[in-house]
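S.K.: Shown below is the structure under consideration.
Protein chains in written order, with our numbering: chain A, 2 to 340; chain B, 2 to 340.
Printed below as a string of structure tokens:
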């Protein structure tokens, strides 16, 4: 069934990608309305669907919408999601606002599509979580998961468009012998890395790191999995990479795991080290599938351990693509009701 | 005692840093001779000791030298170390050639200075190993070490001067909209990362990754420690970073560990997350001490686990500084004999 669809935060990095992905995946759109801050309202945005006028998100009337993608951060979703759902519009929220609410499903469609149930408000996971979740899910399903250790290599795009522009501009400054400045990031990012993303919590982990812990458990539906993560910003534009080591409940047959991941939805296996084929931002950028490779037996946990490297586009599987995939589940639900 | 000192491979990145460090640390030099490939022989090199003529390393006569720093890779040390030691010259070799020989000490002076004994040939560890070794040593000594997991963020300098030049030049190309090329690295490095350093071994780990395993055990003197590592090249100039998680034999008192590391030789504690103070290439570059921070309780191993982040200059503690520190031990040994 075709849906009256809105994108709230349409001028941001993620909002724009949502529009592109809606177009590229032939999402069943009845009509598309775009919303952004008051500053942008009245302007038009060039999209694959044509030029569309931007409306003020604060004044959005949801009675004319069946599906709304929220791609606005901070406090905005808290104040606005209820207006939408009260009007009968289903909301897919890209922020972390509702992700930890017990009655809000947190969905990666390849993993827990059934979780959407009848929910009118569905949360899209954190980018780092979404990119790691698919391989973790397959390992969990087939071999069980006891422990997950993640070290990330996160791109600038996770901090928005200004962050990408800052990386580009300040890299130019650094190359030209001027001091690289910073405004979006805590420190200059060119030729540097920053082992902090989001604010520190009392346990000395950042909120970004704890999101990975909380969200992975919620998506896999198992709070008994021990997870630990360090999130590091690196001077890369828009693909996140993650070094992951897991300890399983059952012995892992590496050949079987590779076979499973090779056929898994949403995965591109790049695991031929002898041919220098492994995941990289260079190849993962712009791709829907998450790249997985460097799959190897743990040197610590033996048969019960496997380590690997993943790389995924932060704006696609890490944000817009996953949101649109959830939208496709919502559209199918509308279709079933209509039938 | 002042030593007749030679630097073999004096025109390379590491060779030049050795000369600088010898000068900055007031190394007891009687005379300094510099050697490089035939191509450079006869030219002169500007150094803090003045302008020095470069001699052909292949024809080096070692009878006039008491101490030789080898900073030439591949097969050269194998063919030449014996000539030096036969002539009574002590060799500190920066390559991996002899590191795994049972009768060749592998030394990080803050950890196992006594290992040099009477050896005429002493190996300098791999850069990634040297940078991680000091915190690991203190944890090992005070709490015991069962398991060590490392994910690295390694700078271009580890692949030599051409690699740094390539990163700079190709970053310019990328920013100017031209395709970034590559020659030193397997793929373009600007705004990318490459999860491969050195060649893959039959176990699907690279040689660089296995060096960290073998060398850390040898330096700490305990083959029972389980170690696993993934080595990743990132678009950073000359400081390596490492995300490290360890499991200990005894419960770790985090305050005590921080206190110990805060007073440890060769360490700069940068561990005030609430003030955004943590290790970074930006601050670690050019520094002798290795930066340690993000020290936190493991979310998996509880009292028996601690995770942290280290960052060290690849050319200093990762290479030249450690070699000169070994040289200082050799000079002291000469001094004792002379006494």
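The beta carbon of each residue, even a glycine, is placed where N, CA and C say it ideally should be. Every value quoted in this text rests on a predicted model; they were computed, and no experiment measured them.
Which residue spans inside the region 249-286 of chain A form an unbroken beta strand (DSSP E) run of at least 3?
M.R.: Segments of the beta strand (DSSP E) lying fully in the region 249-286 of chain A: 268-270.
S.K.: Between B/138, B/255, B/12 and B/11, which lies nearest to residue 221 of chain B when the distance is taken from Cα to Cα?
M.R.: Answer by Cα proximity: B/138.
S.K.: Ordered along the chain, which non-local residues of its own chain (more than five positions away) have a Cβ less than 8 Å from that of residue 236 of chain A?
M.R.: Excluding residues within five positions, the ones whose Cβ falls inside 8 Å are 157, 168, 172, 190, 191, 192, 193 and 194.
S.K.: Helix, strand or coil for residue 5 of chain B? Go by DSSP, reduced to three states.
M.R.: Residue state, collapsed to three classes: strand.
S.K.: Measuring alpha carbon to alpha carbon, tell me which of B/146, B/106 and B/198 ends up nearest residue 153 of chain B.
M.R.: Cα-wise, what sits closest to residue 153 of chain B is B/198.
S.K.: Could you check how far apart the C-beta atoms of residue 117 of chain B and residue 229 of chain A are, in whole angstroms? I think they sit under 8 Å.
M.R.: About 38 Å; that fails the 8 Å criterion.
S.K.: What is the rounded straight-line gap between the Cα of residue 8 of chain B and the Cα of residue 317 of chain B?
M.R.: Rounded to whole angstroms, residue 8 of chain B to residue 317 of chain B spans 15 Å at the Cα level.
S.K.: Does any CB atom of chain A fall closer than 7 Å to the CB of residue 2 of chain B?
M.R.: With 7 Å as the cut-off, residue 2 of chain B does not count as an interface residue toward chain A.
S.K.: Excluding five sequence neighbours on each side, which residues of the same chain lie with their C-beta closer than 6 Å to the C-beta of residue 1 of chain A?
M.R.: With chain A covering 2 to 340 only, the question about residue 1 of chain A has no answer from this structure.
S.K.: Can you tell which of B/297, B/306, B/128 and B/142 has its C-alpha closest to the C-alpha of residue 15 of chain B?
M.R.: Cα-wise, what sits closest to residue 15 of chain B is B/128.
S.K.: Roughly how many whole angstroms lie between the Cα atoms of residue 10 of chain A and residue 90 of chain A?
M.R.: Taking the straight line joining both Cα atoms gives about 16 Å.
S.K.: Residue 104 of chain A to residue 329 of chain A, Cα distance in whole Å?
M.R.: Their backbone Cα atoms lie some 21 Å apart in a straight line.
S.K.: My guess is that residue 296 of chain A and residue 307 of chain A are in contact by the Cβ rule of under 8 Å, so how many angstroms apart are they, rounded?
M.R.: Right, their Cβ atoms sit about 7 Å apart.
S.K.: Measuring alpha carbon to alpha carbon, tell me which residue in B/115, B/338 and B/133 is nearest residue 327 of chain B.
M.R.: Among B/115, B/338 and B/133, the Cα nearest to that of residue 327 of chain B is on B/115.
S.K.: Which residues in the same chain as residue 335 of chain B place their Cβ atom closer than 6 Å to its Cβ, once the five residues preceding and following it in sequence are excluded?
M.R.: Counting only Cβ-Cβ distances below 6 Å, and skipping sequence neighbours, we find 2.
S.K.: Strictly below 7 Å CB to CB, what residues from chain A border residue 172 of chain B?
M.R.: The answer, in chain order, is 172 and 176.
S.K.: For the region 268-295 of chain A, list every residue whose C-beta sits within 8 Å of some C-beta in chain B, in sequence order.
M.R.: Cβ contacts with chain B: 274, 275, 277, 279, 280, 281, 282, 283, 294 and 295.
S.K.: With 7 Å set as the bound, which would you pick, yes or no: does the beta-carbon of residue 340 of chain A sit closer than that to a beta-carbon of chain B?
M.R.: Residue placement at residue 340 of chain A is flagged as unreliable, the pLDDT there being 40, under the threshold of 50; a coordinate-derived value is accordingly withheld.
S.K.: Taking the alpha carbon of residue 332 of chain B as the point to measure from, which residue in B/18, B/19 and B/31 has its own alpha carbon closest?
M.R.: Looking at the Cα atoms, B/31 is the closest of the given residues.
S.K.: Where does residue 57 of chain B sit, in a helix, a strand or coil, going by DSSP?
M.R.: Looking at residue 57 of chain B - three-state DSSP - the assignment turns out to be strand.
S.K.: Which chain A residues sit within Cβ distance under 8 Å of residue 148 of chain B?
M.R.: Chain A residues near residue 148 of chain B: 301.
S.K.: Are residue 67 of chain A and residue 4 of chain A closer than 7 Å when you measure CB to CB?
M.R.: Against a cut-off of 7 Å, the Cβ pair of residue 4 of chain A and residue 67 of chain A comes out as a contact.
S.K.: Where in the region 190-222 of chain B do unbroken runs of the alpha helix (DSSP H), each at least 4 residues long, occur, reported from the N-terminal end onward?
M.R.: Entirely contained in the region 190-222 of chain B, the alpha helix (DSSP H) runs reaching 4 residues are, in chain order, 208-221.
S.K.: Since residue 297 of chain A meets chain B, which of its residues come closer than 8 Å, beta carbon to beta carbon?
M.R.: 204, 205 and 206, listed in chain order.
S.K.: Who are the Cβ neighbours of residue 37 of chain B in its own chain at under 7 Å, not counting the five residues just before and after it?
M.R.: Within the same chain, residue 37 of chain B has close Cβ partners 10, 11, 12, 55 and 58.
S.K.: Nearest to residue 24 of chain A by alpha carbon, out of A/48, A/290, A/134 and A/44?
M.R.: Checking every option, the nearest Cα to that of residue 24 of chain A belongs to A/48.
S.K.: Just to check my reading of the structure: residue 258 of chain B and residue 140 of chain B have Cβ atoms closer than 8 Å, yes? What is that Cβ distance to the nearest angstrom?
M.R.: 7 Å between Cβ atoms; contact.
S.K.: Report the residues of the region 118-150 of chain A with a CB closer than 7 Å to any CB of chain B, ordered along the chain.
M.R.: Residues 148 and 150.
S.K.: Mapping DSSP to helix, strand and coil, what is residue 22 of chain B?
M.R.: Of the three classes helix, strand and coil, the one that applies to residue 22 of chain B here is helix, per DSSP.
S.K.: Taking just the CA atoms, how far does residue 41 of chain A sit from residue 223 of chain A?
M.R.: Whole-angstrom Cα-Cα distance: 42 Å.
S.K.: Count the other C-beta atoms from every protein chain shown that fall within 10 angstroms of the C-beta of residue 200 of chain A, then say buried if there are 16 or more, exposed otherwise.
M.R.: With fewer than 16 Cβ atoms within 10 Å of its Cβ, residue 200 of chain A is classed as exposed.
S.K.: Within the 7 Å Cβ cut-off, does residue 158 of chain B reach chain A?
M.R.: Chain A, which has no Cβ nearer than 7 Å to the Cβ of residue 158 of chain B, makes this no.
S.K.: Does residue 194 of chain B have its Cβ less than 7 Å from a Cβ in chain A?
M.R.: Chain A contact via Cβ: present.
S.K.: Name the one or two DSSP bridge partners that residue 150 of chain A has.
M.R.: Beta-bridge pairing links residue 150 of chain A to A/229 and A/246.
S.K.: With 7 Å as the threshold, decide whether the Cβ of residue 252 of chain B is near any Cβ in chain A.
M.R.: For residue 252 of chain B, the answer is no, since every Cβ of chain A falls outside 7 Å of its Cβ.
S.K.: Looking at the C-beta of residue 242 of chain A, does it have a partner C-beta in chain B at a distance below 7 Å?
M.R.: With 7 Å as the cut-off, residue 242 of chain A counts as an interface residue toward chain B.
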